[in-house]
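Visitor:
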Amino acid sequence: MSHSTAHAAHHPALQHHFDTLEQQQNASTLGMWWFLVTEVLFFGGFFMTYILYRWMYNASFHEASHELNVWLGLFNTAVLIGSSLTMALAVRASKTGEKSQLVMFLILTLLLGSVFLGVKVIEYSEKFTHHLVPGAHFQFHDATLKNGAEIYFSLYFGMTGLHATHMIFGGFVLVPLIVMAARGKFGPAWYTPIELFGLYWHFVDIVWIFLFPLLYLM
Amino acid sequence: MHEVRTNELDSSSAPTTPAVHYLNATHGAASWFFTKDHKRIALLYLYSVSTFFLVGGIFAMLVRLELATPRGDLLSAETYNKVFTAHGVVMVFFFLIPAIPAILGNFLVPLMIGAKDLAFPRINLASWYLYMTGGLFGVAVLVMGGVDTGWTFYTPYSTAASNSHVVLTALGAFVAGFSSIFTGLNFIVTIHTMRAPGMTWDRLPLFIWSHYATSLIMMLGTPVVAVTLMMVVLERTLRLGFFNPDLGGDPVLFQHLFWFYSHPAVYIMVLPGMGVISEIVAAFSRKPVFGYKMVAMASLGIALIGFLVWGHHMFTTSQSVLAAVTFSFLSFLVAIPSAIKVFNWTATLYRGSVLLDSPMLYAIGFIGLFTIGGLTGLFLAAIGLDIHVHDTYFVVAHFHYVMVGGTLLAYLGGLHYWWPKITGKLYSEPWAKTSAVIVFVGFNLTFFPQFVLGYMGMPRRYHAYPAEELSWQVLNVLSSAGASILAIGLFLPLIYLTYAAFRGRPAGPNPWGAYGLEWETTSPPPTANFEVTPIVTKPAYYYAPEEH
Ligand code: HEM
Ligand SMILES: [Cu+2]
């Protein structure tokens with residue numbers, strides 16, 4: 001054990017200001033968890049707003065949610081859960097040092113993420129053609145519910161847009177990770193970036209698990 | 001511990017500066033702009049935060065010049081709105097919030113716990129770039145003609161009415177907010193994972209405790225204001241409706257979300273200052289801080305309760321009576337941990353061998369001004385009184401006493417206290433003492449009359465006031481005169497501290513004879529902070545009495 005720690009201390013990934021690789025991993029993991037806490041609060045502002053207006057405009061929200069395509073939403077939920085699964089498998093592969101599996105699962109994650117975003121584009125464009133985008137051209141079949149419906153769609157675009165931004169960001173991080181994985185940078189001694197990215201990806205997934213019922217089903 | 005004060009040393013044993021230290025270890029602009037050394041990043045912040053302070057100060061002087069006469073003769077109402085907004089935005093987001101954490105915290109957190117650097121040096125550098133990006137947005141706004149919403153961006157004015165540059169300003173604050181989040185994250189992780197052997201939680205300097213509490217607020221509050229500013233931007237640009245009553249939105253919701261951050265944010269400003277004061281008071285009384293544990297826990301208490309009182313900014317809105325009474329009660333509660341600190345500093349001073357060096361003068365000024373500011377906070381937390389003085393100069397005076405009297409004085413005190421460590425040089429003590437006195441006098445002359453003005457009913461944010469109210473003009477002239485004195489007091493340190501950095505005598509590792517890890521390494525410290533990792537065997541503030 002003492003040998004392996006001494007060995008780990010010379011790992012190329014060990015940065016100068018840490019004493020051991022273990023200390024470095026603890027720091028990174030703690031940092032990621034705290035970052036996710038800040039993310040929860042970031043989305044929290046939107047969720048708070050949603051709760052308040054849901055309460056004020058219950059009927060409008062109910063009616064407006066019928067305009068969303070539940071099937072597309074359901075499909076996307078499945079896609080996202082699938083990507084969470086491939087990501088979890090990628091983390092496992094990085095720990096066991098199975099390089100080709102790691103690369104494959106990371107690519108699959110990226111693909112599934114892109115499918116999700118592609119479906120989102122279809123959904124958004126449907127809203128445009130149905131004049132459901134808030135602003136001067138907003139139309140709603142029931143004029144008495146229009147104000148609430150407009151707020152509903154503001155929240156829809158705000159929340160799913162923020163979520164999609166997180167997905168896009170994740171995609172941009174995945175690409176270099178795939179390259180690094182293909183070059184064999186990760187293995188049992190050091191897989192922190194993969195593990196941390198996995199946490200991030202699951203977080204984005206969980207946010208959707210809340211968004212889907214709130215926006216599509218209620 | 002070598003208790004001989006440097007200025008009493010004879011030349012034969014005069015301290016010298018180490019040959020290689022963090023300032024001269026590498027050379028060239030790139031070695032600064034791409035540095036990952038927390039100490040150099042602290043200096044990058046020092047330069048940029050000071051510049052913003054100067055900009056904010058110029059706007060403050062414009063405000064005071066305008067108000068010296070009752071007529072709106074210097075600035076039009078429109079320009080005046082832009083001037084006080086620029087003052088508020090720059091001072092709050094680009095000076096008060098980053099000043100102590102980003103400069104002193106960055107420099108000292110690793111040193112004080114015996115670490116080689118912060119946990120994430122690259123994120124630390126990125127934080128500075130985020131801060132600068134936010135600042136550049138702010139500067140761009142000023143060049144393009146300014147913004148007139150006030151630093152609080154109240155809706156629906158900010159989203160539907162104002163035709164000034166709200167979007168870019170909000171984005172600037174948004175980006176700077178992420179700088180603050182990442183700084184907090186870095187501190188928390190560093191304090192958790194990188195303490196030197198023996199640096200247990202109950203031995204952490206109070207400066208570290210206060211930064212720990214501050215970091216929690218930065219991480220838990222800032223994201224909420226960030227997303228709120230994002231909603232403002234979305235409402236303005238894409239007409240997504242969140243707060244606009246025309247679209248069925250609720251402007252008071254904006255205030256709730258805004259103050260959920262911005263009340264705790266006042267503690268982002270003042271808690272690090274309290275940490276500074278604890279260090280200075282201990283060092284210059286040669287005693288451990290009285291009730292160390294209580295002071296440490298009070299920091300966490302302030303952070304916690306600070307999140308529960310935001311509604312006291314909304315006593316005059318449609319908020320329900322029950323909510324108002326609850327927020328009022330909770331606001332009184334938050335005074336308790338602050339009072340604990342003030343009492344414990346006083347108890348530390350009591351019967352200490354108090355040395356009135358310049359940092360100590362600032363610290364004593366802090367305690368006085370912060371107490372006045374805090375007590376008037378209690379006036380405001382009482383609903384009936386608040387309705388009388390809400391949005392008057394009484395509020396302006398209150399928050400300047402706590403933010404300027406508190407944060408700024410602590411910042412200056414800390415800068416003086418650690419300047420020998422940062423630069424390795426001693427500054428002129430007589431000049432430093434003089435400027436501390438000028439700041440104190442100028443400050444009180446500026447802001448005390450504003451309490452009276454507010455109580456008499458002068459509203460804030462107006463560029464003119466009735467000429468018949470002669471006493472109003474007298475008080476305003478006093479205030480403007482005080483502002484000029486204050487400006488002099490703030491300008492002097494710029495000169496003698498800069499001079500000292502180049503021409504001062506070498507300070508040696510521990511010119512104050514203070515206790516703490518940062519004083520055990522050379523001044524300036526080497527890039528890796530310590531030649532060998534220190535091992536801590538004694539509690540914080542181990543000023544053994546028999547040595548004096
Ligand atoms: C500790 C440091 C404190 C700081 C830096 C601070 C800062 C501020 C600021 C900036 C404002 C004005 C916000 C604006 O409208 O632009 C304000 C208002 C207020 N503060 Fe404080 N404050 C502090 C402590 C307290 C305490 C301890 C209390 C109560 C116990 C308090 C109660 C209030 C209330 C009720 C207002 C609203 C007044 C009104 O707008 O009518 N403050 N404070
Ligand atoms: Cu407040």
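Chains as they are written, first to last, in UniProt numbering: chain W, 1 to 218; chain Y, 1 to 548.
Backbone N, C-alpha and C fix where the C-beta goes; we use that ideal spot for every residue, glycine too.
For clarity, every value in this text was computed on a predicted model and none was experimentally measured.
(1) In the DSSP assignment, what are the bridge partners of residue 187/W?
(2) Would you mind working out which of 27/Y, 26/Y, 90/Y and 78/Y sits nearest residue 48/Y, comparing C-alpha positions?
(3) Do you know whose CA, among 31/Y, 29/Y and 218/Y, lies nearest residue 177/Y's CA?
(4) In the DSSP assignment, find the alpha helix (DSSP H) that holds residue 139/W and state where it starts and stops.
(5) Check the Cβ-Cβ distances between residue 9/Y and every residue of chain W, and say whether any is below 8 Å.
(6) Is the shortest distance between the beta-carbon of residue 313/Y and the beta-carbons of chain W less than 8 Å?
(7) Residue 20/Y by DSSP, collapsed to three states: which one?
(8) For residue 425/Y, which residues does DSSP report across the bridge?
(9) Please return the same chain residues whose Cβ sits closer than 6 Å to the Cβ of residue 13/W, not counting the five positions on each side in sequence.
(10) Just to confirm, does residue 312/Y get its C-beta within under 7 Å of one of the non-hydrogen atoms of ligand 2?
(11) Following a CB-centred definition, is residue 11/W positioned closer than 7 Å to any heavy atom of ligand 2?
(12) Mind checking if residue 150/W is an interface residue toward chain C, Cβ cutoff 8 Å exclusive?
(13) Grab me the residues of residue 41/Y's own chain with a C-beta within less than 7 Å of its C-beta, minus the 5 sequence neighbours each way, in chain order.
(14) With distances taken between CB atoms, is the gap from residue 163/Y to residue 119/Y smaller than 8 Å?
(15) Entirely within the region 75-137 of chain W and at least 4 residues each: give me those alpha helix (DSSP H) ranges in chain order.
(16) Which residues mark the beginning and the end of the alpha helix (DSSP H) in which residue 173/W is found?
(17) Within 10 angstroms of the Cβ of residue 33/W, are there 16 or more other Cβ atoms? Answer buried if so, exposed if not.
(18) Where do the ends of the alpha helix (DSSP H) carrying residue 81/Y lie?
(19) Taking the straight line between their C-alpha atoms, what separation do you get for residue 59/Y and residue 254/Y?
(20) For a contact defined as C-beta to C-beta under 8 Å, what are the partners of residue 193/Y on chain W?
(21) Where do the ends of the alpha helix (DSSP H) carrying residue 549/Y lie?
(22) Is there at least one Cβ from chain Y nearer than 8 Å to residue 154/W's Cβ?
(23) Give the straight-line distance between the Cα atoms of residue 492/Y and residue 414/Y, rounded to the nearest whole angstrom.
(24) Say the cut is 7 Å; is the CB of residue 309/Y nearer than that to a heavy atom of ligand 2?
(25) In the DSSP assignment, the alpha helix (DSSP H) including residue 268/Y goes from what residue to what residue?
(26) Is the beta carbon of residue 421/Y less than 8 Å from the beta carbon of residue 500/Y?
(27) At 7 Å on the CB atoms, spell out the chain Y contacts of residue 207/W, in chain order.
(28) Would you mind telling me which residues of chain W sit closer than 9 Å to residue 188/Y, beta carbon to beta carbon, in chain order?
(29) Determine, using beta carbons only, whether residue 147/W comes closer than 8 Å to chain Y.
(30) Kindly say whether residue 200/W, judged by its beta-carbon, lies nearer than 8 Å to any beta-carbon of chain Y.
(31) Just to confirm, are residue 440/Y and residue 347/Y a CB contact at a threshold of 8 Å?
(32) Of the residues that make up the region 15-46 of chain Y, which ones have a beta carbon closer than 7 Å to any beta carbon in chain W?
(33) Are the beta-carbon atoms of residue 248/Y and residue 151/W separated by less than 8 Å?
(34) Check for me: the alpha helix (DSSP H) holding residue 15/W runs from which residue to which?
(35) Quick one: any contact between the region 82-92 of chain W and the region 106-117 of chain W, if contact means 3 or more CB pairs under 8 Å?
(36) Check whether the Cβ atoms of residue 154/W and residue 176/W lie closer than 8 Å to each other.
Guide: Reading off the structure:
(1) Position 187 of the first sequence, counted from the start, is the residue given in the question as residue 187/W. Residue 187/W pairs with 190/W.
(2) As a position in the second sequence, residue 48/Y is number 48, starting the count at 1. Among 27/Y, 26/Y, 90/Y and 78/Y, the Cα nearest to that of residue 48/Y belongs to 90/Y.
(3) As a working mapping, residue 177/Y is identified with position 177 in the second sequence. Among 31/Y, 29/Y and 218/Y, the Cα nearest to that of residue 177/Y is on 218/Y.
(4) Sequence index remark: in the first sequence, residue 139/W carries index 139 (1-based). That residue, residue 139/W, is in no alpha helix (DSSP H); it is neither H nor E in DSSP.
(5) Numbered from its first residue, the second sequence carries residue 9/Y at position 9. Residue placement at residue 9/Y cannot be trusted, given a pLDDT of 46 that sits under 50; the coordinates are not used to answer.
(6) The residue you call residue 313/Y lines up with position 313 of the second sequence. Chain W contact via Cβ: absent.
(7) Walking along the second sequence from the start, residue 20/Y turns up at place 20. DSSP places residue 20/Y in coil when its eight states are reduced to three.
(8) Here the question's residue 425/Y lines up with position 425 in the second sequence. When DSSP reads this structure, residue 425/Y sits in a beta bridge with 506/Y.
(9) Residue numbering aside, residue 13/W sits at position 13 when the first sequence is read from its first letter. Cβ within range, chain order: 190.
(10) On the second sequence, position 312 is the one that residue 312/Y refers to. Residue 312/Y Cβ: within cutoff of ligand 2.
(11) In the first sequence, the residue the question calls residue 11/W occupies position 11. Ligand 2 never approaches residue 11/W closely enough for any of its heavy atoms to be under 7 Å from the residue's Cβ.
(12) Protein chains W and Y are contained in the structure displayed, whereas chain C is not.
(13) The residue labelled residue 41/Y in the question sits at position 41 within the second sequence. Only 35, 106, 124, 125 and 128 meet the Cβ criterion.
(14) The count along the second sequence starts at 1 and reaches residue 163/Y at position 163. The count along the second sequence starts at 1 and reaches residue 119/Y at position 119. No, Cβ-Cβ distance for residue 163/Y and residue 119/Y is not below 8 Å.
(15) 99-129
(16) Taking the first sequence and counting its residues from 1, the one referred to as residue 173/W is at position 173. Residue 173/W: member of the alpha helix (DSSP H) spanning 146-182, first to last residue.
(17) Taking the first sequence and counting its residues from 1, one reaches residue 33/W at position 33. Exposed, since its Cβ has fewer than 16 Cβ neighbours within 10 Å.
(18) In the second sequence, counting from the first residue as 1, residue 81/Y sits at position 81. That run of the alpha helix (DSSP H) goes 77-89.
(19) For the purposes of this step, residue 59/Y is identified with residue 59 of the second sequence, where counting begins at 1. For the purposes of this step, residue 254/Y is identified with residue 254 of the second sequence, where counting begins at 1. Between residue 59/Y and residue 254/Y, the C-alpha separation is close to 27 Å.
(20) Start at 1 with the first residue of the second sequence, and residue 193/Y comes out as number 193. Simply 23, 26, 27 and 30.
(21) Absent from the model: residue 549/Y. The displayed extent of chain Y is 1 to 548, so no value can be given.
(22) Here residue 154/W refers to the residue found at position 154 of the first sequence. So yes, residue 154/W belongs to the interface.
(23) Counting from one through the second sequence, the residue named residue 492/Y turns up at place 492. Counting from one through the second sequence, the residue named residue 414/Y turns up at place 414. Roughly 16 Å between the two C-alpha positions.
(24) In the second sequence, the residue the question calls residue 309/Y occupies position 309. Residue 309/Y: yes, Cβ under 7 Å from ligand 2.
(25) The residue you call residue 268/Y lines up with position 268 of the second sequence. Taken as a continuous stretch (DSSP letters only), the alpha helix (DSSP H) holding residue 268/Y covers 251-285.
(26) Residue mapping note: residue 421/Y aligns to position 421 of the second sequence, counting from 1. Residue mapping note: residue 500/Y aligns to position 500 of the second sequence, counting from 1. No, the pair does not count as a contact, with Cβ atoms beyond the cut-off.
(27) Position 207 of the first sequence, counted from the start, is the residue given in the question as residue 207/W. Those within 7 Å of residue 207/W in chain Y number zero; the least Cβ separation is about 13 Å.
(28) As a working mapping, residue 188/Y is identified with position 188 in the second sequence. Those are 30, 31 and 34, listed as they occur along chain W.
(29) Position 147 of the first sequence, counted from the start, is the residue given in the question as residue 147/W. True, the Cβ-Cβ gap to chain Y drops below 8 Å.
(30) Translated into positions along the first sequence, residue 200/W becomes position 200. Chain Y contact via Cβ: absent.
(31) Sequence index remark: in the second sequence, residue 440/Y carries index 440 (1-based). Sequence index remark: in the second sequence, residue 347/Y carries index 347 (1-based). Going by C-beta atoms, residue 440/Y is not nearer than 8 Å to residue 347/Y.
(32) none
(33) The residue labelled residue 248/Y in the question sits at position 248 within the second sequence. The residue labelled residue 151/W in the question sits at position 151 within the first sequence. Yes, the pair counts as a contact, with Cβ atoms nearer than the cut-off.
(34) Residue numbering aside, residue 15/W sits at position 15 when the first sequence is read from its first letter. Segment: none, residue 15/W is in no alpha helix (DSSP H) and carries neither H nor E.
(35) yes
(36) If you number the first sequence from 1, residue 154/W lands on position 154. If you number the first sequence from 1, residue 176/W lands on position 176. It is not a contact, given that the beta carbons lie outside the stated cut-off.
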